[in-house]
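Structure representation (structure tokens):
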């Protein structure tokens, strides 16, 4: 059982590897660099990838989950960006 759990953890870390530069690119000194927009196809991803999202939250990031096909989705308002980063979990979005 422990060996299987270790394999699951290893696979999770390998699958999250492409997102590590995103997480480390934010300045720890600037609290405004903490707003992340998470685009998903289905809100079930929040629970299936909860370890990753909780890791981001524990580092001080504020996550906002939105559906990728939301017609009211905006990235900026009055010339100011609403988010400092973007996490995509929506492979079927066009």
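Residue numbers (mature numbering (1 follows the signal peptide of the UniProt record, and there is no 0)): -25 to -1, 1 to 69. Ideal Cβ placement from N, Cα and C applies to all residues, glycine included. Here the structure is a predicted model, which means the values were calculated and not measured.
{"Asked": "Does the distance from the CB of residue 14 to the CB of residue 64 come in under 8 Å?", "Found": "yes"}
{"Asked": "Does the beta-carbon of residue 61, which I'm using as the reference point, lie nearer than 7 Å to any heavy atom of the ligand ZN?", "Found": "Of the ligands one can find in the structure shown there are none, so the ligand ZN has no counterpart to examine."}
{"Asked": "Tell me whether residue 18 is buried or exposed, calling it buried when 16 or more other Cβ atoms sit within 10 Å of its Cβ.", "Found": "exposed"}
{"Asked": "Just the Cα atoms here: how many angstroms apart are residue 61 and residue 46?", "Found": "17 Å"}
{"Asked": "Contact check, residue 11 vs residue 44 under 8 Å by CB: the rounded distance?", "Found": "Not really, about 19 Å apart at Cβ, beyond 8 Å."}
{"Asked": "Which partner residues of residue 42 appear in the DSSP bridge assignment?", "Found": "15"}
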